[in-house]
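If you read the sequences in order, they're chains A and B. The numbers in the first sequence follow numbering that gives the first Met the number 0, run straight up by one, and end at 250. The numbers in the second sequence follow numbering that gives the first Met the number 0, run straight up by one, and end at 202. Here's the structure, in C-alpha cells; my notes come after.
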Amino acid sequence: MDVMNSGESDLMGRVRATRVGRSIWRTPKKVTPRDRAAGHWSSFALHIYPVKVRKAELGFKYSWYLGVISTVLFGSLVVSGVWLMFFFVPSPGQAYTNIQTLQTEVPFGQYLRNVHRWSAHLMVLTVAMHMAKVFYRGAYKAPREFNWVIGVVLLVLTLLMSFTGYLLPWDQLAYWAVTVGTEMAAYVPVVGDRVQSLLLGGNTVGQATLLRFYVLHVAVLPLAIVVMLTFHLWRWRKDSMLDFDRGEPDA
Amino acid sequence: MPEKKLMNKNSPKDVVTDKTPTASAATPVAIGRKDPALLEGRRVLGMVPGKPVAGQRKEPAEDDMVMVYPHLLVRHAVAAMSVLLLVLLVAIFFDAPLRAIANPTVTPNPEKAPWYFAALQELLAHFHPLIAGVLIPGAIILGLVALPYIDRSVFILASHRKVAVATFTTFMVVWIALTIVGFAFRGPNWGWVWPWQEWHGEL
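Below, the structure is given as C-alpha cells:
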C-alpha cells in the first residue's frame with residue numbers, strides 16, 4: 000500500500016529488515032493484502048484477533064465495545080491493584096491505618112486508590128451491560144451458547160471480585176456490607192451455616208475473614224478471571240467466522 | 000426442529016431463489032455457487048464439527064470483510080483509551096470513600112450492601128431470606144446459564160424472538176428498579192426516603 004506497509008523505506012521497516020529484526024518479526028514484506036494477512040497471522044500481539052471481520056462488526060452500534068472496555072478496566076484494576084498491594088497488610092490491626100497512610104503520605108496513593116475503586120464499579124456495570132448487549136444482539140445463539148455460559152461465569156466472578164475487595168479497607172462501610180452479604184449465605188438450606196463459617200473463618204467478620212477475602216481478591220479470583228477470560232476470547236476468536244454459517248430466516 | 004429449518008433455509012436452492020428474479024436463471028447461478036469439493040450427491044470435504052457441510056454454507060462476500068488491523072484495532076484502541084481517560088478523570092475529582100474504622104459494636108443504620116447487591120437487599124425486605132437471598136439469585140444465575148439452551152430457535156433479530164426479549168427485558172427493568180430503590184430510596188431501618196431529602200447511597 001503506502002510507505003507504512005511497503006517494508007523498508009521507513010525506520011521501522013529498516014529495523015525489521017536487519018538480521019536481528021527478522022528473527023523477532025517473522026513477517027514478510029507488507030506488499031500485498033496476503034502479506035499483511037500473513038503478518039497478522041504470525042503476530043503474537045494480534046493472535047487473539049481474527050485476520051478479518053465483517054464490516055458490520057466494526058461500528059459502535061454492534062457491540063458498544065463493552066467487551067473491550069471491560070477487559071481494559073480489568074487491566075486497569077490489575078495494575079492499580081498490584082500497586083496497592085505494596086502498601087497493604089490484611090490484618091484488622093493494620094489494614095485501616097494502611098489505607099490512611101496510603102491516602103495521606105504515599106505519593107499518588109489516594110489517586111491510585113480512586114482509580115482502583117472507580118474502575119471496579121465501572122467494570123461491574125460494563126460487564127453487566129456487555130451481557131445485555133449480547134442478549135439483544137442474539138449473539139448467544141448456536142454455535143456460541145457455551146461462550147455465553149462462560150460470560151455468565153465471568154459476570155459472577157466480577158461480582159465476587161468486587162465484593163471481596165469491598166472488605167479490604169476495613170472501615171464501617173466495608174465491615175457491615177460484608178456482614179450483610181455473608182449473612183445471606185447462612186440461609187442456604189442444609190449447608191448454609193458451614194458455607195458462612197467457611198467464608199468468615201469464624202462466626203463474625205474478623206481477622207480470618209479479612210485474610211480469606213484478601214487471598215481470594217488478589218490471587219484466586221483474578222487467576223480464575225484470567226483463565227475464563229482467555230477461554231472466552233479464544234472462543235470468540237474461533238467463532239468469528241461461524242456467523243456466516245447460519246442466517247436469519249426471512250420473516 | 001430448528002436444525003431442520005436452518006438446513007432448509009440455507010440450502011443452495013433457497014439462496015438461489017433469494018437472489019434470482021426468475022426461475023429460468025436459477026440453474027447457472029446454482030452451479031456457480033456450488034462448492035468445488037461437493038461432488039454431485041456426495042460430500043467429499045467440508046465436514047467441520049459445529050459447521051454445516053460445505054454446500055450449505057453461507058460464504059461471506061469478499062467486499063463485506065475488512066482487515067482487523069487497522070480497522071477494528073483502531074476502534075478498540077479508541078474505546079480503550081476513552082474509558083481509561085474517563086476513569087483517570089473521575090479519579091481526579093472524586094475520592095474513594097473511607098469511613099470510620101470497622102467497629103463490630105456499632106451497627107450503622109441503614110446497613111447497606113454494595114450497590115450491585117442492592118436489589119437483593121431490597122428483596123430481603125419483602126421475602127424470607129431463603130427466597131430472596133438464595134432461591135432468587137440461584138434461579139437468576141441458572142436461568143442465564145440455561146438461556147441459550149432454552150431459546151434454541153434460529154432467529155437472531157430481537158423482533159423475531161419476542162418471548163425471550165420480553166422475558167429478559169422484564170427481568171432487567173425489575174432488577175434495575177430494585178437496585179435503584181435499594182441504593183438510593185432506603186434509609187434508616189430500611190424505611191423509604193427520598194434521595195433528594197436524605198442521601199444514604201454508598202459506593
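Glycine is no exception: its CB is placed at the ideal position from the N, C-alpha and C atoms.
Interface partners of residue i on chain B, CB under 8 angstroms
i: S262(A); result: Residue 262(A) lies beyond the stretch modelled for chain A, which goes from 0 to 250, so this question has no answer here.
i: F230(A); result: What F230(A) touches in chain B: nothing, since even the nearest Cβ is about 15 angstroms away.
i: H120(A); result: W114 and L202
i: K51(A); result: M64, V65, M66 and V67
i: S90(A); result: Within 8 angstroms Cβ-Cβ: nothing; S90(A) doesn't reach chain B, min ~12 angstroms.
i: Y61(A); result: Residues of chain B passing the Cβ test: none, with the nearest at roughly 10 angstroms.
i: E104(A); result: By Cβ distance, chain B contributes nothing, its closest Cβ being about 14 angstroms from E104(A), past 8 angstroms.
Residue-chain proximity (residue i, chain B), Cβ-Cβ < 8 angstroms
i: D192(A); result: no
i: A37(A); result: no
i: A176(A); result: yes
i: G137(A); result: yes
i: M11(A); result: no
i: A131(A); result: yes
i: G80(A); result: no
i: I264(A); result: The structure shown has nothing for residue 264(A), since chain A only spans 0 to 250.
i: G113(A); result: A small correction: the amino acid at residue 113(A) is Asn; Gly does not occupy that position in the sequence shown. N113(A) counts as touching chain B.
i: W147(A); result: yes
i: W233(A); result: no
i: D170(A); result: yes
Proximity winner among the options, relative to residue i (alpha-carbon distances)
i: T157(A); options: P221(A), Y174(A), R15(A) and Q102(A); result: P221(A)
i: S118(A); options: R143(A), S69(A), E144(A) and M128(A); result: S69(A)
i: A157(B); options: Y48(A), Y135(A) and V77(A); result: Y135(A)
i: H75(B); options: S22(A), T229(A), V67(A) and L72(A); result: V67(A)
i: H70(B); options: Q93(A), A176(A), H129(A) and E56(A); result: E56(A)
i: V204(A); options: P188(A), A218(A) and L172(A); result: L172(A)
i: P91(A); options: L167(A), E104(A) and P49(A); result: L167(A)
i: Y165(A); options: A90(B), A112(B), L85(B) and S81(B); result: A112(B)
i: M130(A); options: I23(A), R112(A) and L153(A); result: L153(A)
i: V77(B); options: V71(A), G20(A) and S79(A); result: V71(A)
i: Y64(A); options: K132(A), G38(A) and M84(A); result: K132(A)
i: A90(B); options: H39(A), H120(A) and F212(A); result: H120(A)
i: E110(B); options: T168(B), G181(B), V162(B) and V82(B); result: G181(B)
i: V133(B); options: T181(A), V187(A), V14(A) and P106(A); result: V187(A)
i: Y174(A); options: R21(A), S42(A) and A94(A); result: A94(A)
i: I149(A); options: T178(B), A145(B) and G186(B); result: A145(B)
i: V155(A); options: H159(B), V73(B), G137(B) and F126(B); result: G137(B)
i: L72(B); options: V189(A), H46(A) and D238(A); result: H46(A)
i: A131(B); options: W169(A), A218(A), R116(A) and G180(A); result: G180(A)
i: N146(A); options: V219(A), T229(A), R35(A) and G38(A); result: T229(A)
i: R234(A); options: Y139(A), G201(A) and M84(A); result: Y139(A)
Minimum Cβ-Cβ distance from residue i to chain A less than 8 angstroms
i: E201(B); result: yes
i: I140(B); result: yes
i: K167(B); result: According to the sequence as given, residue 167(B) is Phe; it is not Lys. It does; some Cβ of chain A falls within 8 angstroms.
i: T106(B); result: yes
i: F126(B); result: no
i: A78(B); result: yes
i: G181(B); result: no
i: G190(B); result: no
i: A90(B); result: yes
i: I149(B); result: no
i: A157(B); result: yes
i: L84(B); result: no
Whole-angstrom C-beta distance between residue j and residue i, which should lie under 8 angstroms
i: S75(A); j: V123(A); result: Between V123(A) and S75(A) the Cβ distance is about 14 angstroms, and since that is not below 8 angstroms, they are no contact.
i: V30(A); j: M64(B); result: Rounded, the Cβ-Cβ distance is 20 angstroms, inconsistent with contact.
i: A176(B); j: G200(B); result: So it is not a contact: roughly 15 angstroms between Cβ atoms.
i: P49(A); j: R211(A); result: P49(A) to R211(A), Cβ: 41 angstroms. No contact.
i: V151(A); j: L143(B); result: 5 angstroms
i: G108(A); j: F86(A); result: 7 angstroms
i: L97(B); j: D170(A); result: 5 angstroms
i: L209(A); j: P89(A); result: 5 angstroms
i: R35(A); j: M66(B); result: 6 angstroms
i: V214(A); j: G80(A); result: Contact flag wrong, Cβ pair sits at about 14 angstroms.
Amino acids of chain B, ordered along the chain, whose beta-carbon sits closer than 7 angstroms to that of residue i
i: A173(A); result: A101
i: F134(A); result: F167
i: R116(A); result: A95
i: K28(A); result: The contacting residues do not exist; K28(A) stays about 16 angstroms from chain B at best.
i: T203(A); result: P103
Within chain A, partners of residue i - CB distance below 8 angstroms
i: F184(B); result: What F184(B) touches in chain A: nothing, since even the nearest Cβ is about 17 angstroms away.
i: Q120(B); result: V179
Interface residues of chain A facing residue i [CB-CB closer than 7 angstroms]
i: L177(B); result: Chain A residues near L177(B): none, gap ~14 angstroms exceeds 7 angstroms.
i: V172(B); result: By Cβ distance, chain A contributes nothing, its closest Cβ being about 11 angstroms from V172(B), past 7 angstroms.
Partner residues on chain A for residue i, Cβ-Cβ distance less than 9 angstroms
i: P187(B); result: What P187(B) touches in chain A: nothing, since even the nearest Cβ is about 14 angstroms away.
i: E110(B); result: W175, A176, T178 and V179
Jot down the residue ranges of each uninterrupted alpha helix (DSSP H) in the stretch 94-138 of chain B, minimum 4 residues, whole runs only, in chain order. 117-123
Fully enclosed by the stretch 163-218 of chain A, which alpha helix (DSSP H) runs are 4 residues long or longer? 171-184, 191-199 and 206-214
Could you pull out every unbroken alpha helix (DSSP H) segment of at least 4 residues lying fully inside the stretch 65-89 of chain A, listed in chain order? 65-84
Residue ranges of each alpha helix (DSSP H) run of no fewer than 4 residues wholly in the stretch 26-59 of chain A, ordered along the chain? 32-40
In the stretch 121-169 of chain A, which residue ranges form an unbroken alpha helix (DSSP H) of at least 4 residues, counting only runs that do not cross its ends? 144-166
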